[in-house]
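FYI, in this note's numbering the residues of the sequence shown are 5 to 1041.
Take a look at the structure set out below.
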Amino acid sequence: AGEVARHLLEGRPEAAREAASWYANLFKDRYYLEVQAHGTEGQAELNAKVFELADELGLPVVATNDAHFLAREDHEAHDTLLCIGLGKDKDDPGRMRYDNGLYLKNPVEMRGTFPDHSETIENTLRIADEVTLDFEKSYHVPAFSLPRGYATEGDYLTHLATAGAKKRYGDPLPDHVRSRLEFELGVILKTGYAGYFLITWDFIRWAREQGIPVGPGRGSAAGSVVSYSLWITNLDPLHFDLLFERFLNPERVSMPDIDVDFCFERRNEVIEYVRQKYGRDAVGQIITFGTMKSRAVIRDVGRTLGFEPSETDRIAKLIPNQSGQSYTVREAVDRLAEVRDLYRSDERHRNLFDYSMTLEGLSRHASVHAAGIVIAPGPLDDYVPVCVQQTKGGAASGDGESVVVTQYDMNALEDTGMLKMDFLGLKTLTVIQEAVTMVRERVGALRHPRTGEVYDAMDDVPLDDPDVYRMIARGGTAGVFQFESTLASDKLRAMRCDRFEDLVATNALIRPGTLDSGMTDVYIRRKLGEEPVRYPHPDLVKTLAPTYGVIVYQEQVMAIAHILAGYTLGEADVLRKAVGKKDAALIVEELKAFVARAVARGVDRRVAQELAGLIEKFGRYGFPKAHASAYSLLSYQTAWLKAHYPAEFMAALLSSVLDRTDDVVKYIGECRELGRALPHLKDGIEVLPPDVNESRWKFWVTEDLGIRFGLGAVRGVGAGAVGSILAGRRDKGAFQGLFDFIERTDLRALNKRACEALIAAGALDSFGHRAQLLAGLDAAYSEVQARAAEVAAGQGSLFGAEGPTMERIALRLPDVPKWDEQERLAREKEALGFFISGHPLDRYRDLSRAFGPANTAALPEFAGQDVEFACVVTKVVRQVLRRDNTEWGKVTVEDFHGTTTVLAFGEAWQRARTVLVQDAAVLLRGTVSNRERDEEDPPIFLDSAEPLGAVGESGRIAVAIELPPGSEVEREIFGRARGILAAHPGPAPVEVWLANGAVEAPRLRSRTLRVRPEREALAALRELFGPGGVRLVRVDR
């Protein structure tokens, strides 16, 4: 309630009269008293008192409508939303409630509320007439501070862009470059966006000067020669045939949108620079609203209606929510029989769905947008409403910080003409920089290891390195930006990727819409010569040749309209946007115009109509080539580093995921498997346990090209403890033993629990075995603390400063037995979250490879499919189903790539429960949950489980010897191979694979030779046929 109303409600009429008189004197004839049109308790009595006061003071009264929901029938849904926000049940008698009249009333209803006071309604019009507000859109961009000699922002931008273009393209500028540059500058100056480009150029220039990695470009901005000339982007748009009009359309002017990637760890430094330059009160971050989506709203509404969590979880999972097939609640009720039957079953379920349909899409909570920044010409709250939000890990310390945030989201800010940008933190840039730093530290320069060519930066690396494409074509894309997924790796391998354009195309071709259309496979078949390349029209050969006649990019749609129908590129961009929308009428209208204009220029109507169909089909999911090209540049750079400096690259990659255990496990597994993509690394790269005498905070490369674990990844050992260790090592060299280590570190930072974690992780292995170190830890701490107390008391050391170190006078470590492997690995995993010095599956590594490609890290890509893979059981929880009192199992398993959950019910559990026991190595078969496809870790529904040892002995596994094309193996080699087989007799048949480049190599199986598929026999055979020439395979394949 307002001030006057509050006084009246609380029985202070004199105070109300005094306040109203003061406001009336201040605002003269523009001051009104308010009455409201709803039936909340006490409102009618308050309205009467307001009318009485108005008569007494001669003040006008206006009727207002306190609306909390749009229509009367929305009251129950709004009440449910209120319960969700308050965390209350709907049937809670003591909770807050709103009157059902708090909806947006129409004029008739408003007049009916105050039949004797029609002037209160008329006064609403009077107020509206008195309000003058211009809704014309204007842009609010801060003025850029110009150096002397430049009168306008346009002058300075022209100078910078021209000078930069000469550095990029040479002086004098080639004619085609000059023409494009002048065209772009003309559009930018005409639209008034010179200041926008200068502001962007300035903070990117500053970031580069500070050594902060900046991405090569993002989105359509990579299509601008001006952006390239200002080093806003780092990809030549002319070389890649990128279109400026896709970025800034002169025919449909809107604020440019330049999003910038910065090093993940230093992004906040750039934001701080912008705050200092334009004023802290003029710069803010942007709010984002989390909305209630189909599954979430079912769970939220169900909770307020008294449903059990298991009930709403089951119902929510009936609604598809994966990429390419996501239903709203209403669509699920309309289209899915099981959901529709529930809706019709009873009032309880009907209310659940009705309220959910009404509330779906409403805001659930507010948070800070991960990247959005807004810069105003003055104090931000002069232009948009602001608030303060707490961020997660935004401060330099890694802790949260309070930041000023706009209360308008991205779309509303664009509508109000504010300057908004995305400052994104991209870990890939951090990985590239750290890998290059390690390369330079080890070899002195960024050098091609085969040719010896030296590069100043990764941007100078040629894009045609065959070594890189060979690795990619072998499927070695783990850790490669944008192409880590099994899907991407499979497509690149299938197309035998051998050029940069394949990377660019794959970036677009692995999107859901393209995959569903089948054009991804058409591209692959045409590239391999398995299908003829066809062009819809001879004039489109140049445009579509890079993609073998397939329309892949939005820029190609624009070029088709430009070439065949005479559209300007600006008009073609309007067509592109129209096709991308779901407005069927608009699409028909635009394509009809395209056909007419193409026919008018001599194109056969049938061809024009065919092209219109292609534009409609591909335009809906076509990907911007500018973005695909810029990101493919980062993909290539990560692949180049992995191909030529795999140790440095993998170390940097591991450091980037220090806080994500599953990813650390995945990349450690990749280090061990690198020989498959890089044959010269037949044993992979060894990832060594942490070591207090060698490790840094992050992962680092050792002199013999192993990777030393980072101390920052040890659980319970914080930054202070690691800093103390590194300082002690830096000041006096390597630690000599446990007592020396404890004495030379800060015990306030490195407490005993942290030291226990370091011991369990293997970081003190050079001082003794782990059981011994742990047993002597208490004595070591006691000795160090006692000595510190003596020093503090002034007694000092018996030997003085130059006397023997504590290590010499300390008691030796206790003589206790070593931990067995099982205990060592268990404690190691507790300290690190994963195994490092070994793995329970190590003895089955070859066997596990026979059951690819599924693994725990790739499960989301196998949603709804049957999978089979080797793993070890790490946890078993037996539970009972309430409905029929039957036992089921929830089992956690782990392989070389990570962990996942297995759910075992009914007969499957009865068959497998004696196999699925703690620490058992098993071959698991099951179905990956399809309803959890939107989640990172979908569970597996068990079909069967079998001990891995039994699988190896079953005869279902063969030893395959693969001979490369054209190879001639000497008879003596085969004789030695027979000797190895005879020395290791067993159940596995032996096959010879004659590789000839075909997808399925011919397989010759011996009728007599059999071998035990164990590590010793395989190692001996690999000595003869090479590390990649011998493997285990399934007999049935």
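Backbone N, C-alpha and C define an ideal beta-carbon position, used for all residues, glycine too.
CB contact check: residue i to chain C, cutoff 7 Å
i	result
Ala681	Among the chains in the structure shown there is no chain C, since it carries only a single protein chain.
Whole-angstrom distance between residue j and residue i, CA atom to CA atom
i	j	result
Ala370	Lys170	47 Å
Val264	Ala375	9 Å
Val1031	Pro683	In the sequence on display, residue 1031 carries Pro and not Val. When rounded, the distance between both Cα atoms is 8 Å.
Ile729	Arg853	40 Å
Leu985	Ser489	38 Å
Lys670	Gly856	15 Å
Arg680	Gln826	29 Å
Ala576	Leu595	11 Å
Ala498	Met523	14 Å
Phe1029	Pro993	17 Å
Asp460	Leu450	7 Å
Leu340	Tyr347	11 Å
Gly448	Ser659	22 Å
Asp463	Lys646	16 Å
Val718	Ile203	42 Å
Ala862	Arg757	35 Å
Arg937	Glu865	Here Arg937 scores only 45 on pLDDT, less than 50, and its place in the model is too uncertain to base an answer on.
Reduced DSSP secondary structure (H/G/I, E/B, other) of residue i
i	result
Glu77	helix
Asn29	helix
Asp782	helix
Gly804	Confidence at Gly804 is low in this model, with a pLDDT of 45, below 50, so the placement of that residue should be treated as unreliable; the coordinate-derived value is given next. In this structure, Gly804 counts as coil in the three-state DSSP scheme.
Ile944	strand
His369	strand
Ile813	Summary for Ile813: the model assigns pLDDT 43, below 50, so the residue's position carries little reliability, and this model does not support an answer.
His843	coil
Gly953	helix
Gly429	strand
Trp892	strand
Met523	helix
Cys501	coil
Thr878	strand
Tyr107	strand
Ala375	strand
Gly3	Since the first residue of the chain shown is 5 and the last is 1041, residue 3 is not available in this structure.
Lys424	strand
Glu872	strand
Pick from the options that is closest to residue i, judged by C-alpha positions
i	options	result
Ala52	Gly772, Ala9 and Gly553	Ala9
Asn511	Gly517, Arg497, Phe487 and Ser521	Phe487
Phe293	His631, Asn415 and Arg609	Asn415
Pro4	Arg307, Leu309, Val343 and Glu312	This structure gives no information on residue 4, because the portion of the chain shown stretches from 5 to 1041.
Glu834	Gly517, Val721 and Gly219	Val721
His243	Ala790, Ala630, Ala602 and Gln776	Ala630
Ala226	Ile262, Ile192 and Lys194	Ile262
Ala867	Gln394, Ala589 and Gly930	Gly930
Ala582	Tyr557, Glu620 and Pro254	Glu620
Ala1024	Ile965, Pro991, Met100 and Gly15	Ile965
His121	Tyr102, Glu418, Ala58 and Gln922	Ala58
Phe201	Leu836, Asp471, Ala147 and Ala588	Ala147
Spell out a yes or no on whether the segment 502-517 and the segment 701-708 are touching, meaning 3 or more CB-CB pairs, one atom from each, closer than 8 Å. Touching, no, given that fewer than three Cβ pairs across the two stretches are closer than 8 Å.
Can at least three beta-carbon pairs, one atom from the segment 630-644 and one from the segment 477-489, be found at a separation below 8 Å? The segment 630-644, when compared against the segment 477-489, does touch it at the 8 Å Cβ threshold.
Enumerate, from N- to C-terminal direction, the unbroken alpha helix (DSSP H) stretches of 4 or more residues contained entirely within the segment 283-309. Counting whole runs of 4 or more residues, the segment 283-309 contains the alpha helix (DSSP H) stretches 298-308.
Decide if the segment 57-71 is in contact with the segment 20-28; the criterion is three or more beta carbon pairs, one per stretch, under 8 Å apart. With a cut-off of 8 Å, the segment 20-28 and the segment 57-71 count as touching, because enough Cβ pairs lie within range.
Answer yes if the segment 173-182 comes into contact with the segment 135-144, meaning at least three C-beta pairs across the two stretches below 8 Å, and no otherwise. In short, these stretches do not touch, since the Cβ pair count stays below three.
State whether the segment 28-48 contacts the segment 82-94, with contact taken as three or more CB pairs (one from each stretch) at a distance under 8 Å. Counting C-beta pairs closer than 8 Å gives fewer than three between the segment 28-48 and the segment 82-94, which falls short of the contact rule.
For the structure I just gave you, are there three or more beta carbon pairs, one from the segment 528-542 and one from the segment 209-222, closer than 8 Å? As far as the Cβ criterion goes, the segment 528-542 does not touch the segment 209-222, which means the pair count is below three.
Assess, as a yes-or-no matter, whether the segment 272-281 is touched by the segment 243-257 under the definition of 3 or more beta carbon pairs within less than 8 Å. With the cut-off at 8 Å, the segment 243-257 and the segment 272-281 do not touch.
Ignoring anything shorter than 4 residues, give me the alpha helix (DSSP H) runs that lie fully in the segment 568-626, in order along the chain. With a minimum length of 4 residues, the continuous alpha helix (DSSP H) runs that stay inside the segment 568-626 are 573-584, 588-604 and 609-623.
Which ranges does the alpha helix (DSSP H) cover as unbroken runs of at least 4 residues, wholly within the segment 189-275, from first to last along the chain? Taking only runs of at least 4 residues, the alpha helix (DSSP H) segments lying wholly in the segment 189-275 are 198-213 and 229-233.
Could I get the ranges of all uninterrupted beta strand (DSSP E) runs contained in the segment 41-79, with 3 residues as the minimum, in chain order? 65-68, all fully within the segment 41-79.
Just to confirm the assignment: which complete alpha helix (DSSP H) runs, minimum length 4, are found wholly within the segment 99-164? Taking only runs of at least 4 residues, the alpha helix (DSSP H) segments lying wholly in the segment 99-164 are 111-117 and 123-134.
Hey, is the segment 914-924 in contact with the segment 869-883, meaning 3+ C-beta pairs nearer than 8 Å? As far as the Cβ criterion goes, the segment 914-924 touches the segment 869-883, which means the pair count is three or higher.
The segment 224-240 in contact with the segment 302-315 per 3-pair CB rule at 8 Å: Verdict: no, contact absent.
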